[in-house]
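Note that my numbering has the sequence shown beginning at 2, numbered continuously upward.
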Amino acid sequence: MTTVRLPLFPLNSVLFPGLVLPLNVFEERYRALMRDLLKAAPEIPDTDPAVSDEPRLFVVVAIRDGHEVAPSASGMPDDVTTKEAGAGPAAGFGDDPLKAFHGVGCIADAATIRERADGGFEVLATGTRRVRLHSVDASGPYLTAEVEELPEEDGDEAGALAEGVLRAFRSYQKRLAGARERSMTSGADLPDEPSVVSYLVAAAAVLDVPTKQRLLQSPDAASRLRDELKLLRAETAIIRHLPSLPATDLTRQATSLN
């Protein structure tokens, strides 16, 4: 087993390989992380200092439901907590931060890190590879984690499953666009590589964090696609019936995060 230690960036959302992640960094612990990433990838003369060809890697991990102690805003623990006396990099995540996070995350590469006048950062990162967390270290200015990269395999019948998921996803998009009374991006240009399809659909579908986390942790693309096919069909069926329900009936329906 080969592991590496990387900075950790907890969020109330799931990042998938290949997906773009914009971040508004305002907490001091994460500002320190970004400053260190900038130092690790020196500026190239006569180029935009915010952009780098060198990897600027950190791990995005989803916070387990009910484990976030600190108040939250914009998908991360509130800066007020980190300003309290004695508050450290693990503020808001309990005595054992490892238990506060899901066990599988995604390495992000921050291609753009732009510092604002107020000391915060605007970051544009891309998910690259899935990793499993083995330990979390809170001894520095921000959390770091020892992680092991997970293999990416297609699995049995991945190609056929990807075709079925794309068809189901297009139907889901149309139903969702109708339910929300707005247009959505056409699926005409969607990729056909099974692993890419599996991650793109997982990110684009309106699903709660535990469901997205389950998809991220799937052992291979085929398993993820099978799960997505069931989810898309179920969600499409729900959306299809919502507009036909009388308003009085809609108010009696249980609220769903999906």
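All C-beta atoms in this analysis are idealised placements derived from N, C-alpha and C, irrespective of residue type, glycine included.
Starting from residue i, follow its DSSP beta bridges and name the residues at the other end.
i: R131; result: C107
i: A146; result: L7 and V137
i: F102; result: I64
i: A126; result: L22 and A111
i: V207; result: V207 pairs with nothing; no bridge assigned.
i: V52; result: T113
Using the three-state DSSP reduction, which class does residue i fall into: helix, strand or coil?
i: F27; result: coil
i: F59; result: strand
i: V15; result: coil
i: R227; result: helix
i: A91; result: coil
i: E236; result: helix
i: V166; result: helix
i: L217; result: helix
i: L38; result: helix
i: M2; result: coil
i: P195; result: helix
i: L177; result: helix
i: G156; result: coil
i: L151; result: coil
Give me, in chain order, the residues of the same chain whose beta-carbon lies closer than 7 Å to that of residue i; leave out the 5 immediate sequence neighbours on both sides.
i: I114; result: M35, L38, L39, A51, R57, F122 and V124
i: E153; result: S196
i: V26; result: R32, M35, G121, F122 and V124
i: G160; result: P195
i: V137; result: L9, P98, L99, L144 and A146
i: R234; result: A169
i: H103; result: V62, A63, R65 and Q214
i: S172; result: T237
Can you give me the start and stop residues for the alpha helix (DSSP H) that residue i sits inside?
i: R117; result: R117 -> no alpha helix (DSSP H), and no H or E assigned at all.
Excluding the five sequence neighbours on either side, which residues of its own chain have a C-beta within less than 8 Å of the C-beta of residue i, listed in chain order?
i: L230; result: L162, G165, V166 and A169
i: A223; result: D155, G156, D157, E158, A159, L162 and P195
i: P192; result: V198 and L201
i: T4; result: H135, E147, V148 and E149
i: A112; result: V52, S53, R57, L125, A126 and T127
Given residue i, which residues of its chain have a CB within under 6 Å of its CB, disregarding the five upstream and five downstream residues?
i: A1; result: The question about residue 1 has no answer here: the residues shown for the chain are numbered 2 through 259.
i: A204; result: F17 and L20
i: R6; result: T145 and E147
For residue i, would you say it is in contact with chain D, using Cβ-to-Cβ distances shorter than 8 Å as the test?
i: R130; result: Among the chains of the structure shown, chain D does not appear; only one protein chain is present.
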